[in-house]
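Enquirer:
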Amino acid sequence: MTKEEKWTNIIQSNTAVSVNSLKDVWQYRDLLWMFVKRDIVTNYKQTILGPLWFFIQPAMTTALFVFINRAANTSTNGVHPILFFLIGVTAWNYFAECLTKTSTTFKDNAYIFGKVYFPRLILPLSVVFSSLIKFFIQFFLFLITLLVLLWMGKTTLHLQPTILLFPLLIIIMAGLGLGAGMIITSLTTKYRDLALLVQFGVQLLMYGTLAIPLSSIKNEWMQQILLSNPMIPIIETFRQAFFNDSAFNINHLLYSVTIMVFLLLIGFYSFSKTEKTFTDTI
Amino acid sequence: MAETIIKVENLSKQYRLGEIGTGSLSHDLNRWWHKVRGKEDPYLKLGETNDRTTKGNSEYVWALRDINFEINRGEVWGVVGKNGAGKSTLLKLLSRITTPSTGIIKINGKMASLLEVGTGFHGELTGRENIFLNGAILGMKRKEIASKLDEIVAFAGVEKYIDTPVKRYSSGMYVRLAFAVAAHLDTDILILDEVLAVGDASFQRKCLGKMNDAATNQGKTVLFVSHNLSQVQGLCKKGMLLENGQLKLTGDINRVVSEYVLGNQQASHIDITQLPRVGPKSMDFFIRKLNFITDATNITENEPIEFEIEFECFNAIKELVIGFSIRDTMDTKLIECRTTSNIPNLNIEKPGIYTVSVVTKLNITAGVYVLNVGARCLNGPLEYIPSVTNIEILPCNNELEEWNKPSAGIVNTPSQWTLK
Chain A
1400 MTKEEKWTNI IQSNTAVSVN SLKDVWQYRD LLWMFVKRDI VTNYKQTILG PLWFFIQPAM
1460 TTALFVFINR AANTSTNGVH PILFFLIGVT AWNYFAECLT KTSTTFKDNA YIFGKVYFPR
1520 LILPLSVVFS SLIKFFIQFF LFLITLLVLL WMGKTTLHLQ PTILLFPLLI IIMAGLGLGA
1580 GMIITSLTTK YRDLALLVQF GVQLLMYGTL AIPLSSIKNE WMQQILLSNP MIPIIETFRQ
1640 AFFNDSAFNI NHLLYSVTIM VFLLLIGFYS FSKTEKTFTD TI
Chain B
17 MAETIIKVEN LSKQYRLGEI GTGSLSHDLN RWWHKVRGKE DPYLKLGETN DRTTKGNSEY
77 VWALRDINFE INRGEVWGVV GKNGAGKSTL LKLLSRITTP STGIIKINGK MASLLEVGTG
137 FHGELTGREN IFLNGAILGM KRKEIASKLD EIVAFAGVEK YIDTPVKRYS SGMYVRLAFA
197 VAAHLDTDIL ILDEVLAVGD ASFQRKCLGK MNDAATNQGK TVLFVSHNLS QVQGLCKKGM
257 LLENGQLKLT GDINRVVSEY VLGNQQASHI DITQLPRVGP KSMDFFIRKL NFITDATNIT
317 ENEPIEFEIE FECFNAIKEL VIGFSIRDTM DTKLIECRTT SNIPNLNIEK PGIYTVSVVT
377 KLNITAGVYV LNVGARCLNG PLEYIPSVTN IEILPCNNEL EEWNKPSAGI VNTPSQWTLK
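For the protein sequence lines, the chains are A and B, in the order given. Remember, this note's numbering sits 1399 above the position in the first sequence when you count from 1. Remember, this note's numbering sits 16 above the position in the second sequence when you count from 1.
1) Consult DSSP for I21/B and reduce its assignment to one of helix, strand or coil.
2) With a threshold of 7 angstroms on Cβ separation, who are the neighbours of A332/B within its own chain once the five nearest residues in sequence on each side are excluded?
3) Kindly indicate if chain A contains any beta-carbon less than 7 angstroms away from that of H50/B.
4) Does DSSP put W78/B in a helix, in a strand, or in coil?
5) Taking the C-alpha atoms as reference points, what is the distance between P116/B and T1673/A?
6) M1659/A: buried (16+ other C-beta within 10 angstroms of its C-beta) or exposed?
7) Which runs of the alpha helix (DSSP H), 4 residues or longer, sit entirely within the region 1467-1552 of chain A?
8) Here's a check: name, in chain order, each residue in its chain whose Cβ is nearer than 7 angstroms to the Cβ of F1677/A, leaving out the five neighbours to either side.
9) For a contact defined as C-beta to C-beta under 9 angstroms, what are the partners of I120/B on chain A?
10) Step through the CB atoms of chain B and report whether any lies within less than 7 angstroms of the CB of I1511/A.
11) Would you call R184/B buried or exposed, if buried means 16 or more other Cβ atoms sit within 10 Å of its Cβ?
12) Going by C-alpha to C-alpha distance, which of T1475/A, A1490/A, Y1516/A sits closest to D1423/A?
13) Compile a chain-ordered list of the residues in the region 291-303 of chain B whose CB is closer than 8 angstroms to at least one CB of chain A.
14) Is it buried or exposed, V294/B, if we count other Cβ atoms within 10 angstroms and call 16 or more buried?
15) Identify the contact partners of K1405/A in chain B, using a Cβ-Cβ distance below 8 angstroms as the criterion.
16) Does G37/B pass the burial test, meaning 16 or more other C-beta atoms within 10 Å, or should it be called exposed?
17) What residue does the alpha helix (DSSP H) around V1440/A start on, and which one ends it?
18) Which residue's Cα is closest to the Cα of F1642/A: A1573/A, R1591/A, T1561/A?
19) Measure the C-alpha to C-alpha separation of W433/B and L362/B and round it to an integer number of angstroms.
20) Apart from the five residues just before and just after R81/B, which ones in its own chain have a Cβ nearer than 6 angstroms to its Cβ?
21) Mind checking the region 1650-1669 of chain A against chain B and listing, in chain order, the residues whose C-beta falls within less than 9 angstroms of any C-beta there?
22) Three or more beta-carbon pairs under 8 angstroms between the region 1653-1672 of chain A and the region 1571-1580 of chain A, yes or no?
23) At a CB-CB cut-off below 7 angstroms, which residues of chain A make contact with R112/B?
24) Starting from I401/B, follow its DSSP beta bridges and name the residues at the other end.
25) Starting from C353/B, trace the beta strand (DSSP E) both ways and give me its first and last residue.
26) Let me know the secondary structure DSSP gives D1592/A once reduced to three states.
27) With 16 other CB atoms within 10 Å as the buried threshold, where does E494/B fall?
28) Residues in the same chain with beta-carbon distance under 6 angstroms from S1585/A, minus the five sequence neighbours each way, listed in chain order, please.
29) So which of T316/B, A391/B, P402/B has the shortest CA-CA distance to R379/B?
30) How is the beta strand (DSSP E) around Q1411/A delimited, first residue to last?
31) Considering only residues of the same chain and omitting the five flanking positions on each side of Q249/B, which have a CB-CB separation below 7 angstroms?
32) Listing by chain order, which chain B residues have their CB less than 7 angstroms from the CB of L1430/A?
33) Answer yes or no: does any C-beta atom of chain A fall closer than 7 angstroms to that of H43/B?
34) If we define contact as Cβ-Cβ less than 7 angstroms, is H465/B a contact residue for chain A?
35) List the whole-angstrom C-beta distance separating N307/B from F323/B, where the pair is believed to meet the contact cut-off of C-beta under 8 angstroms.
36) When the distance is taken between beta carbons, is K126/B closer than 7 angstroms to E86/B?
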């Protein structure tokens, strides 16, 4: 009698990357929430102002942008500059946080990864979720500023139906950050050089993304270059949803979605490849 | 028939030595080029056995090579071997921290590994929060942890501090809490890497008890790595011995442990001349050999042993004292015997080679011990040769059933009993 042996787990060298690791993540979903909770709780313990700190960075960045805007006399499409930049900075911060924090997953967690097995994907995912809290806090700052400026009569609000895309926009930003972050962390386990590029690359990209509204650029060729940045359609959509300052372009948003899917697939593949042996090389 | 729960076939793990980074890109490209053409990884052919004392020629080394074994449900296995024998690598492969270079591991059941206690503990979180976090890292569901929370807290004995951040805990409380979480894992297979070496003696006993209970009463399969041989022997029934990345022996734990301790050095005639000595070298004499007269491979409890110590004298010597001592594997001295026992004045008249022989009954229980030899003469320095050889004392061959054997103790004391 040759009965097929039943094994719950088979470990071997050349296990191909498969969706099984996603099933594993689902099995460990409780751990995902524990990590999210840990990140949030430990961020505020023993601070007096707590989450208030999250207001300072976007406020200062916005102030700087407004200053440059006034000095260089560039367009904000008729939107009040504070609101124009604040919504951009808020959205960008979420993407940047997802990207920079996931891009050091292997390096930061090498110790714990070397001691215990759980699906490695849990950690970058937990970053995406715990950063959401920060995003909502900063978004709250935007809403307050909006209300104050409305009350003072300095701005008008033109809510558009695209406001319903709000959750989708968050998902695209999370996906872009996660995908790119996973690719970077996979490559940096062996070749550390890339990590140096990320910090400064993110800074640089922020100015390229936020400084000027797309529609105010008349040069077609330069517009195309800016549009290759998948974050621009997202921020344009955010502004359009609140202020209707430009026409909503679904094709631009679809481009962002395509890039996100692409980055996520490559990111997932390289991450799964790397997680198996990175403890030997890091 | 017992059900196989872990099956390991041709398992190997290769590591690259030296700096990683320089040249790894070219190796990666070469590896990739072989793969594209459907050829075998060229670097897997390289590598040598992991003997750290000799500097190898290859950049690659096999931390583990061609390991095969099967473990049945409910068995408790001990893994022994020197540092660098591959124990930790094996555990890392089994617990999926890294993947094998070749070979396959098949596991049937839920597995948890404790290569360290308190992995993922965060100082800012309270005891309660850390229990949930650590439990989740080890693969427990939230509900499971919640249902065992009281038990875990009681086991660790930290009720009063449960809502205090663990950074304020004493180190003892910290490890007790960490171990308590691990001890309440509900898995089929548990992998332990010397984690019992935490806490005070009473807590260690508690942990060992808990592990024993898990194995015998709950039918868990346990794989235990430790350098503490008495712990291994106390907890495990079966064992495997790793040497230079290769599996040298599997089977009964006592056989494995004695093989590990004795190695290949169980000879009847031992040349001492090259062995390291402690203390200044005597100008008057030199201990050369130790010869067993009783069979060195077959020393039994309650049986006398006899051996000779051969030494060379360079001058006439007054009041020479020669002796030996027996230490256990934990380095506790158990016995010391000297020639003065029945030769108060051992005087050597002229230079030459002499031997003294000794007959004694050791009265120690079965196990592995270390035999040391030493000598000194009047006003001369002590010449001491530690670890001349390891000796194994076999259990006496009476007809007692397994359950009725004396279970512990060092001294073997005969006793007479009468029923009145």
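Every residue, glycine too, gets a C-beta built ideally from N, C-alpha and C.
Expert: Taking the coordinates as given:
1) strand
2) I364, E365, K366
3) no
4) strand
5) 14 angstroms
6) buried
7) 1480-1501, 1504-1507, 1509-1512, 1521-1550
8) F1505, T1588
9) I1409, I1410, Q1411, S1412
10) yes
11) exposed
12) Y1516/A
13) none
14) exposed
15) N124
16) Annotation note: pLDDT 49 at G37/B (below 50); position unreliable, coordinate value reported separately. Per the 10 Å Cβ criterion, exposed.
17) 1428-1443
18) T1561/A
19) 42 angstroms
20) S28, G261, Q262
21) none
22) yes
23) I1410, Y1516
24) V389/B
25) 349-354
26) helix
27) The requested residue 494/B does not occur in the structure, where chain B is confined to residues 17 to 436.
28) S1669, F1670, T1673
29) With the sequence shown as reference, residue 379/B is identified as Asn, and Arg is not the correct amino acid for it. For the residues T316/B, A391/B, P402/B, the minimum Cα distance to N379/B belongs to T316/B.
30) 1408-1411
31) I269, N270, V273
32) A152, I153
33) no
34) Not covered by the structure: residue 465/B. The range shown for chain B is 17 to 436.
35) 6 angstroms
36) no
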